[in-house]
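Asker: Residue 567 is where the sequence shown starts when you use the working numbering, and the numbers rise one by one after that. Quick one: structure below, then a few questions.
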Amino acid sequence: YLFFIGFFDIKYRGQYQKYALLWMESLQCRLMGFLAMLSTEVSVLLLTYLTLEKFLVIVFPFSNIRPGKWQTSVILICIWIMGFLIAVIPFWNEDYFGNFYGKNGVCFPLYYDQTEDIGSKGYSLGIFLGVNLLAFLIIVFSYIIMFCSIKKTALQTSEVRNHVGREVAVANRFFFIVFS
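Structure follows, in structure tokens:
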């Protein structure tokens, strides 16, 4: 995505104002927006899945509710399919969504304004305040529960304190990676 945006930046350098509308309405801009949305949503869904998998390992260490290789493969395929569908839906009905990916020069639907079509506005809000907010809340609450579980376990057993300390360190690092 960034490579292509950089390429088109070089192409239109010094003349962007002249070609801005042409660029934002172009197929290239729409494809860049599609790639950006695909990568963003797949990343959000993958981080959520990884958090839930870590949640199961830490909070329920002796249970068998962990997904195996087959289930993980199916879940990862489903995440990619969901990301693809989320990114491709605005192409299906241009009358409803308008130029969904061509609202700004970076071809990413980062915001909505009064000039947007109702479908585009609703879809943006649904994705960014629906799917992404839900994923964020799942991640935050999962980490809160994991930290409480790790602290409780650490207080109950002194022999495994070093092991728990390593688990806490890993969970802390992963949390800050996800949070940022």
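For glycine and all other residues, C-beta sits at the position ideal for the given N, C-alpha and C.
How many Å lie between L700 and I645 at the Cα?
Answerer: So the alpha carbons of these two residues sit roughly 15 Å apart.
Asker: In whole angstroms, give me the CA-to-CA distance for I711 and W636.
Answerer: Rounded to the nearest angstrom, the two C-alpha atoms are 27 Å apart.
Asker: Let me check understanding here. Comparing Cα to Cα, which of R739, K717, E607 and T638 lies closest to L695?
Answerer: When each option's Cα is compared against that of L695, the closest is E607.
Asker: Taking its Cβ as the centre, do 16 or more other Cβ atoms sit within 10 Å of Y582, making it buried, or is it exposed?
Answerer: That one is exposed.
Asker: How many angstroms separate the CA atom of L604 from the CA atom of Y667?
Answerer: Approximately 12 Å, taken between the alpha carbons.
Asker: Are the Cβ atoms of G671 and M598 separated by less than 8 Å?
Answerer: Cβ distance not < 8 Å, so G671 and M598 don't count as in contact.
Asker: So, helix, strand or coil for D683, using DSSP?
Answerer: Reduced to three states, the DSSP call for D683 is coil.
Asker: Where does the unbroken alpha helix (DSSP H) through S592 begin, and where does it stop?
Answerer: Run containing S592: none; DSSP gives neither H nor E here.
Asker: For S715, which residues of its own chain have a beta-carbon under 7 Å away from its beta-carbon, when the five flanking residues on both sides are left out?
Answerer: Taken in chain order, the residues that qualify are I624 and V625.
Asker: Comparing C-alpha positions only, which one of I655, Q594, L616 and L587 sits nearest to G572?
Answerer: Cα-wise, what sits closest to G572 is Q594.
Asker: Just how far apart, CA to CA, sit N630 and F621?
Answerer: Each residue's alpha carbon lies about 13 Å from the other.
Asker: If C673 and R579 are in contact, beta carbons under 8 Å, what's the gap, nearest whole angstrom?
Answerer: With a Cβ gap of about 17 Å, C673 and R579 do not count as contacting.
Asker: Mark Y585 as exposed unless 16 or more other C-beta atoms lie within 10 angstroms of its C-beta, in which case mark it buried.
Answerer: Classification of Y585: exposed, given that the 10 Å Cβ count is below 16.
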